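A.B. asks: Numbering (my numbering), first residue to last: 27 to 136.
(1) Tell me the rounded alpha-carbon separation between residue 47 and residue 67.
(2) What three-state label does DSSP hand residue 101 in the structure shown?
(3) Would you report the Cα separation of residue 111 and residue 69, rounded to the nearest angstrom?
(4) Answer yes or no: do residue 50 and residue 129 have a C-beta to C-beta separation smaller than 7 Å?
(5) Would you give the residue range spanned by the alpha helix (DSSP H) that residue 131 belongs to?
(6) Can you tell me where the beta strand (DSSP E) holding residue 65 begins and where it ends?
(7) Please classify residue 53 as buried or exposed, where buried requires at least 16 neighbouring CB atoms within 10 angstroms.
(8) Tell me, please, which residues DSSP counts as bridged to residue 69.
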């Protein structure tokens, strides 16, 4: 079942229900991996980007060394898949590189 704020196609539209915020699955800001860390109140990172010393780089306003040029491979090749109308994920240091992949509450079959 989907909540009223969500579309049936969860990849087409992110959940807008504020009560579901803690159940959102985020993309790493720097690469095409699922985020497992949330730092500085706004930065979602995968284990690799986090463990590679990204925190100190972020404080200096820089992106991850090996991930600076982590360009999304695009449709049909990106391990995360893409939303409708999206040709690639944006990866980098800016806030617009943050992206919700899905809502676990909305995709729960219960």
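In this text, a Cβ means the ideal position worked out from N, Cα and C, and glycines have one as well. A quick note: this is a predicted structure, and the numbers were derived from the prediction, not measured.
C.D. replies: Let me spell this out:
(1) Within the chain shown, the letter at position 21 stands for residue 47. Within the chain shown, the letter at position 41 stands for residue 67. Answer to the nearest angstrom: the Cα atoms are 13 Å apart.
(2) As a first step, residue 101 is located in the chain shown; it is residue number 75 there, counting from the start. Coil, per DSSP.
(3) Counting from one through the chain shown, the residue named residue 111 turns up at place 85. Counting from one through the chain shown, the residue named residue 69 turns up at place 43. Residue 111 and residue 69 have their C-alpha atoms roughly 25 Å apart.
(4) One-based indexing of the chain shown puts residue 50 at position 24. One-based indexing of the chain shown puts residue 129 at position 103. Note that the C-beta distance between residue 50 and residue 129 is below 7 Å.
(5) Taking the chain shown and counting its residues from 1, the one referred to as residue 131 is at position 105. Counting along the chain, the alpha helix (DSSP H) containing residue 131 begins and ends at 130 to 133.
(6) On the chain shown, position 39 is the one that residue 65 refers to. From DSSP, the beta strand (DSSP E) with residue 65 extends over 63 to 65.
(7) As a position in the chain shown, residue 53 is number 27, starting the count at 1. With 16 or more other CB atoms across the displayed protein chains lying within 10 angstroms of its CB, residue 53 is buried.
(8) For the purposes of this step, residue 69 is identified with residue 43 of the chain shown, where counting begins at 1. Beta-bridge partners of residue 69 (DSSP): 65.
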